[in-house]
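The next block holds one structure in the form of C-alpha cells; read it before the comments.
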Amino acid sequence: MKRTFLGEFEEIVLLVVAGCTGEAYGVTIWERVQEYTGRSVSLSAVHATLYRLEEKGFLTSEMGGATAERGGRRKRFFSMTNYGNRALQEINEIRRQLWQAIPTEKLQPKLSFS
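Sequential numbering from 1 applies to the sequence shown in the UniProt record's numbering.
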C-alpha cells in the first residue's frame with residue numbers, strides 16, 4: 001500500500017479511535033475529540049474524517065445492531081487497521097526525533113524587558 005500522510009485533524013481522530021477501549025462510533029469519537037482538543041468541532045466533520053480514514057485504509061467499520069434508543073437506527077463502529085497502527089507509530093517516531101533535535105535553549109522562555 002502506498003504511504004499516505006495524515007493531516008492534523010485526521011491524526012487526532014485516528015488517535016481517539018485507537019484510544020477507545022469500548023466501541024468507537026461517531027458520537028463518542030466526536031465527544032472525545034472535543035474533550036482532548038478543547039475545540040468545538042462539528043459532528044459532520046468527524047464523520048467525514050472517519051470515512052476518509054476508512055477510504056485510506058487506516059480504519060475499518062462495521063454496523064452494529066439497531067437500538068430502541070436510536071429509533072431503530074444502527075451505529076457504525078470504527079476500529080483501527082494494522083496500516084493505521086503502523087502510521088501512528090511512524091508519526092510518533094518522527095515527532096520524537098524532531099523534538100529531540102530542538103536545542104534545549106530554544107525551548108526556554110525568553111525574558112523581555114520593556
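Cβ coordinates follow ideal geometry from the N, Cα and C atoms, glycine included. Given the structure is predicted, the values throughout are model-derived calculations rather than measurements.
{"Check": "8 Å Cβ cutoff met for residue 142 and V13", "Outcome": "Since the first and last residues shown for the chain are 1 and 114, residue 142 lies out of range."}
{"Check": "Endpoints, the alpha helix (DSSP H) within which F9 is located", "Outcome": "8-19"}
{"Check": "Simplified DSSP assignment, three categories, for E62", "Outcome": "strand"}
{"Check": "Classification of K56 by the beta-carbon crowding that lies within 10 angstroms, buried from 16 upward", "Outcome": "buried"}
{"Check": "Cβ-based neighbour list, E54, same chain, cut-off 8 Å, excluding 5 preceding and 5 following", "Outcome": "T60, S61, F78"}
{"Check": "R39 vs V16 beta-carbon contact at 8 Å", "Outcome": "no"}
{"Check": "Span of the alpha helix (DSSP H), counted from its first residue to its last, around S44", "Outcome": "43-55"}
{"Check": "Three-state secondary structure assigned by DSSP to M1", "Outcome": "Residue confidence is low: M1 scores 49 on pLDDT, short of 50, so the model does not pin down where it sits. No coordinate-derived value is stated."}
{"Check": "Cα-Cα separation between K106 and Q100, rounded to whole angstroms", "Outcome": "12 Å"}
{"Check": "Reduced DSSP secondary structure (H/G/I, E/B, other) of K75", "Outcome": "strand"}
{"Check": "Within 8 Å, strictly: CB atoms of I91 and E11", "Outcome": "yes"}
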